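Using our numbering, read the sequence shown as starting at 47 and increasing by one per residue.
Read through the structure below, which is laid out as C-alpha coordinates, and then see the notes.
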Amino acid sequence: MNDNTSSRRWLESVPALQTHSSVGTGELPAPVHGCGPSGVSMEAPLRSVASRRNGDRAGILIADDHPIFRDGLRKLIESQQGMWVTGESSVGGEVVRMARALKPQIILLDLSLPQRSGFQVLTELASLAFPVRTLVLAEAVEQRTILEALYLGAYGIVLKGSPREVLLKSICSVIEGQYWLDNVSVPIVIEALRRGSSSPGVAPGGRDFGLTPQEMKIVGIVANGSSNKEVSQAFSISERTVKHHLTNVFNKLGLSSRLELAVFALEHGLANKR
(Lines of atoms letter the chains of each structure in order from A and count residues from 1; the text may use other names and numbers.)
(Lines give C-alpha, C1' and ligand atoms only; values in the text may rest on other atoms or scores of the structure.)
Protein backbone atom coordinates (compact mmCIF):
# COMPACT_ATOMS: atom_id res chain seq x y z
CA MET A 1 0.00 0.00 0.00
CA ASN A 2 1.41 3.34 -1.01
CA ASP A 3 1.43 6.43 1.21
CA ASN A 4 -1.37 8.21 -0.67
CA THR A 5 -3.68 5.20 -0.32
CA SER A 6 -2.82 4.84 3.36
CA SER A 7 -3.51 8.49 4.09
CA ARG A 8 -6.77 8.50 2.14
CA ARG A 9 -8.13 5.39 3.84
CA TRP A 10 -7.13 6.63 7.28
CA LEU A 11 -8.73 10.01 6.66
CA GLU A 12 -11.94 8.33 5.51
CA SER A 13 -11.97 6.14 8.62
CA VAL A 14 -11.57 9.08 11.02
CA PRO A 15 -14.28 11.61 10.16
CA ALA A 16 -14.01 13.40 13.50
CA LEU A 17 -10.49 13.54 14.86
CA GLN A 18 -10.18 13.55 18.64
CA THR A 19 -6.47 13.77 19.10
CA HIS A 20 -3.72 14.48 21.54
CA SER A 21 -0.12 15.20 20.65
CA SER A 22 2.88 15.39 22.90
CA VAL A 23 2.70 19.16 22.56
CA GLY A 24 -0.44 21.08 23.45
CA THR A 25 -0.32 24.64 24.67
CA GLY A 26 3.38 24.27 25.51
CA GLU A 27 6.18 21.82 24.95
CA LEU A 28 4.98 19.61 27.82
CA PRO A 29 1.55 19.00 29.38
CA ALA A 30 0.92 20.16 32.93
CA PRO A 31 2.22 17.92 35.78
CA VAL A 32 -0.31 15.40 37.03
CA HIS A 33 0.09 13.61 40.33
CA GLY A 34 -0.33 9.86 40.33
CA CYS A 35 1.37 9.17 37.02
CA GLY A 36 4.92 8.74 38.17
CA PRO A 37 7.08 6.97 40.73
CA SER A 38 7.21 8.30 44.25
CA GLY A 39 9.35 11.41 44.52
CA VAL A 40 9.43 12.03 40.75
CA SER A 41 7.28 14.67 39.07
CA MET A 42 6.12 13.05 35.84
CA GLU A 43 4.41 15.41 33.39
CA ALA A 44 1.55 13.65 31.66
CA PRO A 45 -1.92 14.26 30.30
CA LEU A 46 -3.56 11.57 32.42
CA ARG A 47 -6.23 13.01 34.73
CA SER A 48 -7.64 9.94 36.45
CA VAL A 49 -4.63 7.76 37.21
CA ALA A 50 -4.73 8.87 40.83
CA SER A 51 -8.23 7.40 41.14
CA ARG A 52 -6.87 4.00 40.14
CA ARG A 53 -4.73 3.62 43.25
CA ASN A 54 -7.19 1.25 44.93
CA GLY A 55 -6.96 -1.53 42.39
CA ASP A 56 -8.74 0.12 39.46
CA ARG A 57 -5.65 0.03 37.27
CA ALA A 58 -5.13 -0.16 33.54
CA GLY A 59 -3.90 -3.56 32.37
CA ILE A 60 -1.14 -3.46 29.75
CA LEU A 61 0.14 -6.20 27.45
CA ILE A 62 3.71 -5.73 26.20
CA ALA A 63 4.50 -7.21 22.78
CA ASP A 64 8.18 -6.79 21.92
CA ASP A 65 10.90 -9.26 20.98
CA HIS A 66 13.75 -7.44 22.74
CA PRO A 67 14.03 -8.82 26.31
CA ILE A 68 16.00 -5.84 27.66
CA PHE A 69 13.57 -3.28 26.23
CA ARG A 70 10.61 -5.36 27.41
CA ASP A 71 12.08 -5.58 30.90
CA GLY A 72 12.61 -1.82 30.99
CA LEU A 73 9.01 -1.18 29.93
CA ARG A 74 7.69 -3.56 32.57
CA LYS A 75 9.67 -1.84 35.31
CA LEU A 76 8.52 1.59 34.12
CA ILE A 77 4.88 0.50 34.12
CA GLU A 78 5.10 -1.26 37.47
CA SER A 79 6.51 1.91 39.03
CA GLN A 80 3.16 3.59 38.37
CA GLN A 81 0.13 3.31 40.60
CA GLY A 82 -2.40 3.50 37.80
CA MET A 83 -1.22 0.68 35.55
CA TRP A 84 0.09 -2.87 35.61
CA VAL A 85 1.47 -5.47 33.19
CA THR A 86 -1.00 -8.25 32.45
CA GLY A 87 1.41 -10.20 30.26
CA GLU A 88 4.29 -10.16 27.78
CA SER A 89 4.79 -11.58 24.32
CA SER A 90 7.88 -11.81 22.12
CA VAL A 91 6.22 -13.11 18.93
CA GLY A 92 3.42 -11.67 16.84
CA GLY A 93 1.65 -14.99 16.51
CA GLU A 94 0.51 -15.04 20.12
CA VAL A 95 -0.41 -11.40 20.75
CA VAL A 96 -4.07 -11.72 19.75
CA ARG A 97 -4.44 -15.00 21.65
CA MET A 98 -3.01 -13.41 24.78
CA ALA A 99 -5.21 -10.36 24.30
CA ARG A 100 -8.32 -12.56 24.20
CA ALA A 101 -7.24 -14.41 27.33
CA LEU A 102 -5.98 -11.46 29.39
CA LYS A 103 -8.26 -8.68 28.07
CA PRO A 104 -5.80 -5.81 28.58
CA GLN A 105 -6.95 -2.22 28.15
CA ILE A 106 -3.69 -1.31 26.37
CA ILE A 107 -1.27 -3.17 24.09
CA LEU A 108 2.25 -1.82 23.53
CA LEU A 109 3.04 -3.29 20.12
CA ASP A 110 6.40 -3.53 18.38
CA LEU A 111 5.89 -3.51 14.61
CA SER A 112 8.89 -5.77 13.98
CA LEU A 113 7.73 -8.90 15.80
CA PRO A 114 8.72 -12.35 14.45
CA GLN A 115 6.09 -14.77 13.08
CA ARG A 116 3.59 -12.01 12.44
CA SER A 117 4.21 -8.30 11.82
CA GLY A 118 2.71 -5.57 13.95
CA PHE A 119 0.54 -4.50 11.01
CA GLN A 120 -0.92 -8.01 10.79
CA VAL A 121 -1.51 -8.01 14.54
CA LEU A 122 -3.30 -4.64 14.34
CA THR A 123 -5.58 -6.04 11.64
CA GLU A 124 -6.46 -9.06 13.79
CA LEU A 125 -6.99 -7.00 16.94
CA ALA A 126 -9.78 -5.14 15.14
CA SER A 127 -11.86 -8.34 15.27
CA LEU A 128 -11.78 -8.62 19.08
CA ALA A 129 -15.16 -8.55 20.80
CA PHE A 130 -13.93 -6.12 23.45
CA PRO A 131 -12.18 -2.73 23.14
CA VAL A 132 -8.40 -2.60 23.33
CA ARG A 133 -6.17 0.38 22.52
CA THR A 134 -2.83 -0.14 20.83
CA LEU A 135 0.24 2.07 21.11
CA VAL A 136 2.80 1.22 18.43
CA LEU A 137 6.48 1.03 19.37
CA ALA A 138 8.58 2.09 16.39
CA GLU A 139 12.31 2.19 15.75
CA ALA A 140 11.99 5.24 13.49
CA VAL A 141 9.35 7.69 12.32
CA GLU A 142 8.35 6.87 8.74
CA GLN A 143 5.37 8.23 6.85
CA ARG A 144 4.06 4.86 5.79
CA THR A 145 4.42 3.44 9.31
CA ILE A 146 2.49 6.27 10.94
CA LEU A 147 -0.36 6.45 8.44
CA GLU A 148 -0.85 2.71 8.07
CA ALA A 149 -0.73 2.09 11.85
CA LEU A 150 -3.34 4.81 12.47
CA TYR A 151 -5.53 3.48 9.68
CA LEU A 152 -5.39 -0.02 11.18
CA GLY A 153 -6.58 1.29 14.54
CA ALA A 154 -3.49 2.25 16.53
CA TYR A 155 -3.98 5.07 19.02
CA GLY A 156 -0.51 6.42 18.38
CA ILE A 157 3.17 5.93 17.65
CA VAL A 158 6.06 6.33 20.08
CA LEU A 159 9.73 5.88 19.30
CA LYS A 160 11.42 3.08 21.20
CA GLY A 161 14.39 5.35 21.81
CA SER A 162 12.28 8.02 23.53
CA PRO A 163 13.11 9.10 27.10
CA ARG A 164 11.21 7.20 29.79
CA GLU A 165 9.15 10.33 30.54
CA VAL A 166 7.90 10.42 26.94
CA LEU A 167 7.14 6.69 26.93
CA LEU A 168 5.13 7.11 30.10
CA LYS A 169 3.25 10.14 28.77
CA SER A 170 2.33 8.26 25.60
CA ILE A 171 0.98 5.33 27.62
CA CYS A 172 -0.97 7.66 29.89
CA SER A 173 -2.54 9.40 26.89
CA VAL A 174 -3.70 6.15 25.32
CA ILE A 175 -5.13 4.96 28.65
CA GLU A 176 -7.33 8.05 28.52
CA GLY A 177 -8.47 7.23 24.99
CA GLN A 178 -6.45 10.01 23.39
CA TYR A 179 -4.26 9.74 20.32
CA TRP A 180 -0.53 10.17 20.79
CA LEU A 181 1.69 11.79 18.20
CA ASP A 182 5.05 13.42 18.83
CA ASN A 183 6.41 16.60 17.25
CA VAL A 184 7.95 14.69 14.36
CA SER A 185 4.80 12.72 13.56
CA VAL A 186 2.32 15.61 13.63
CA PRO A 187 3.57 17.31 10.40
CA ILE A 188 3.38 13.97 8.59
CA VAL A 189 -0.27 13.53 9.53
CA ILE A 190 -1.02 17.16 8.67
CA GLU A 191 0.46 16.63 5.21
CA ALA A 192 -1.69 13.53 4.81
CA LEU A 193 -4.73 15.60 5.76
CA ARG A 194 -3.79 18.14 3.10
CA ARG A 195 -3.37 15.50 0.39
CA GLY A 196 -6.50 13.64 1.40
CA SER A 197 -8.76 16.69 1.47
CA SER A 198 -11.27 16.50 -1.37
CA SER A 199 -11.75 20.26 -1.48
CA PRO A 200 -9.77 23.33 -0.48
CA GLY A 201 -10.37 24.85 2.94
CA VAL A 202 -13.18 27.34 3.34
CA ALA A 203 -11.91 30.90 3.14
CA PRO A 204 -12.10 32.77 6.44
CA GLY A 205 -14.43 35.38 4.92
CA GLY A 206 -13.61 37.88 7.63
CA ARG A 207 -14.21 35.45 10.47
CA ASP A 208 -11.63 35.68 13.24
CA PHE A 209 -13.20 33.13 15.61
CA GLY A 210 -12.48 35.51 18.49
CA LEU A 211 -8.75 35.39 17.81
CA THR A 212 -6.51 38.45 17.74
CA PRO A 213 -4.53 39.23 14.56
CA GLN A 214 -1.35 37.92 16.22
CA GLU A 215 -3.09 34.70 17.26
CA MET A 216 -4.44 34.24 13.72
CA LYS A 217 -0.89 34.50 12.33
CA ILE A 218 0.40 32.01 14.90
CA VAL A 219 -2.38 29.56 14.03
CA GLY A 220 -1.33 29.81 10.40
CA ILE A 221 2.20 28.53 10.97
CA VAL A 222 1.42 26.16 13.85
CA ALA A 223 -0.99 24.42 11.49
CA ASN A 224 2.04 23.53 9.35
CA GLY A 225 3.66 21.72 12.27
CA SER A 226 5.96 24.50 13.52
CA SER A 227 7.32 24.14 17.04
CA ASN A 228 7.11 26.82 19.72
CA LYS A 229 10.75 27.68 19.05
CA GLU A 230 10.10 28.13 15.33
CA VAL A 231 7.07 30.31 16.05
CA SER A 232 9.17 32.34 18.47
CA GLN A 233 11.81 32.93 15.81
CA ALA A 234 9.27 33.75 13.10
CA PHE A 235 7.61 36.49 15.15
CA SER A 236 10.61 37.62 17.22
CA ILE A 237 8.86 36.85 20.49
CA SER A 238 9.79 34.63 23.42
CA GLU A 239 8.69 31.00 23.66
CA ARG A 240 6.88 31.94 26.86
CA THR A 241 4.81 34.44 24.86
CA VAL A 242 4.12 31.79 22.23
CA LYS A 243 2.80 29.45 24.90
CA HIS A 244 0.59 32.25 26.25
CA HIS A 245 -0.85 32.88 22.79
CA LEU A 246 -1.46 29.17 22.22
CA THR A 247 -3.20 28.82 25.56
CA ASN A 248 -5.59 31.59 24.51
CA VAL A 249 -6.09 30.01 21.08
CA PHE A 250 -6.93 26.58 22.47
CA ASN A 251 -9.32 28.07 25.02
CA LYS A 252 -11.11 30.24 22.44
CA LEU A 253 -11.48 27.43 19.90
CA GLY A 254 -12.20 24.67 22.40
CA LEU A 255 -9.26 22.57 21.21
CA SER A 256 -6.64 20.65 23.16
CA SER A 257 -3.78 19.80 20.80
CA ARG A 258 -1.73 21.05 17.88
CA LEU A 259 -3.16 18.36 15.62
CA GLU A 260 -6.74 19.42 16.39
CA LEU A 261 -5.68 23.01 15.70
CA ALA A 262 -4.17 21.99 12.35
CA VAL A 263 -7.39 20.22 11.32
CA PHE A 264 -9.44 23.25 12.37
CA ALA A 265 -7.14 25.60 10.45
CA LEU A 266 -7.31 23.48 7.31
CA GLU A 267 -11.10 23.24 7.48
CA HIS A 268 -11.50 27.00 7.84
CA GLY A 269 -8.76 28.17 5.49
CA LEU A 270 -6.52 29.51 8.24
CA ALA A 271 -3.42 27.46 7.49
CA ASN A 272 -0.51 29.16 5.73
CA LYS A 273 0.04 27.98 2.18
CA ARG A 274 3.43 26.49 1.42
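For each residue, glycine too, the CB sits at the ideal point set by N, CA and C.
Quantities reported herein were computed from a predicted structural model and do not represent experimental measurements.
> R116 to L183, Cα distance in whole Å?
Replying inline: Your numbering for residue 116 matches position 70 in the sequence shown. Your numbering for residue 183 matches position 137 in the sequence shown. Going from the Cα of R116 to the Cα of L183 covers about 11 Å.
>> If contacts are defined as beta-carbon pairs under 8 Å, then K298 and E285 qualify, I think. What distance do you get, rounded to the angstrom?
In response: Taking the first residue of the sequence shown as 1, we reach residue 298 at position 252. Taking the first residue of the sequence shown as 1, we reach residue 285 at position 239. Going by Cβ atoms, the distance from K298 to E285 rounds to 20 Å, so no, they are not a contact pair.
> Does the pairing of the region 204-222 with the region 265-274 give three or more beta-carbon distances under 8 Å?
Replying inline: Not touching, per the Cβ criterion.
> Since I2 and L198 are thought to touch, with beta carbons under 8 Å apart, how far apart are those beta carbons, to the nearest angstrom?
Replying inline: As shown, the chain starts at 47 and ends at 320. That puts residue 2 outside it, with no answer to give.
> Which class does L307 belong to by DSSP, given the choice of helix, strand or coil?
Replying inline: Numbered from its first residue, the sequence shown carries residue 307 at position 261. If DSSP states are grouped into helix, strand and coil, L307 belongs with the helices.
>> By the DSSP assignment, the alpha helix (DSSP H) with L119 in it spans what residues?
In response: Counting from one through the sequence shown, the residue named residue 119 turns up at place 73. DSSP places L119 in the uninterrupted alpha helix (DSSP H) bounded by 113-124.
> In whole angstroms, what is the alpha-carbon distance linking E306 and G300?
Replying inline: Translated into the one-based positions of the sequence shown, residue 306 becomes position 260. Translated into the one-based positions of the sequence shown, residue 300 becomes position 254. Taking the straight line joining both Cα atoms gives about 10 Å.
> Can you give the Cα-Cα distance for D111 and L159, rounded to whole angstroms?
Replying inline: What you label residue 111 is simply residue 65 of the sequence shown in a count that begins at 1. What you label residue 159 is simply residue 113 of the sequence shown in a count that begins at 1. Going from the Cα of D111 to the Cα of L159 covers about 6 Å.
> At a cut of 8 Å, does the region 167-182 reach the region 197-211 through at least three beta carbon pairs?
Replying inline: As far as the Cβ criterion goes, the region 167-182 touches the region 197-211, which means the pair count is three or higher.
> Once you ignore the five residues that flank S135 on each side, which residues in its own chain have a CB closer than 6 Å to its CB?
Replying inline: Mapped onto the sequence shown, residue 135 falls at position 89. Around S135: A109, V141, M144.
> In this structure, does DSSP put S278 in helix, strand or coil?
Replying inline: Stepping through the sequence shown from its first residue, residue 278 is reached at position 232. For S278, the three-state secondary structure derived from DSSP is helix.
> To the nearest whole angstrom, what separates the beta carbons of G309 and L257, a pair I think is in contact under 8 Å?
Replying inline: For this step, residue 309 is matched to residue 263 along the sequence shown. For this step, residue 257 is matched to residue 211 along the sequence shown. Before going further, note that residue 309 is Val rather than Gly in the sequence given. Actually they are not in contact, since the Cβ atoms of V309 and L257 sit about 16 Å apart, beyond 8 Å.
>> Please tell me whether P150 and G105 are closer than 7 Å, where the distance is taken between their beta carbons.
In response: Position 104 of the sequence shown holds residue 150. Position 59 of the sequence shown holds residue 105. Yes, they are a contact pair.
> Does DSSP put L316 in a helix, in a strand, or in coil?
Replying inline: What you label residue 316 is simply residue 270 of the sequence shown in a count that begins at 1. Here L316 sits in coil by DSSP.
> In whole angstroms, what separates the C-alpha of S282 from that of T180?
Replying inline: The sequence position of residue 282 within the sequence shown is 236, counting from 1. The sequence position of residue 180 within the sequence shown is 134, counting from 1. As the crow flies, the alpha-carbon of S282 is around 40 Å from that of T180.
> Which value, in whole angstroms, describes the spacing of the CA atoms of I234 and I203?
Replying inline: Counting from one through the sequence shown, the residue named residue 234 turns up at place 188. Counting from one through the sequence shown, the residue named residue 203 turns up at place 157. C-alpha separation (whole angstroms): 12 Å.
> Between which two residues does the alpha helix (DSSP H) containing R253 stretch?
Replying inline: On the sequence shown, position 207 is the one that residue 253 refers to. Bounds of any alpha helix (DSSP H) do not take in R253, whose DSSP letter is neither H nor E.
> Taking the C-alpha atoms as reference points, what is the distance between E185 and V137?
Replying inline: Start at 1 with the first residue of the sequence shown, and residue 185 comes out as number 139. Start at 1 with the first residue of the sequence shown, and residue 137 comes out as number 91. Cα-Cα distance, rounded: 17 Å.
>> So the candidates are S163, G315, K121; which of them puts its Cα closest to the Cα of L214?
In response: In the sequence shown, the residue the question calls residue 214 occupies position 168. Taking only the C-alpha atoms, the option nearest L214 is K121.
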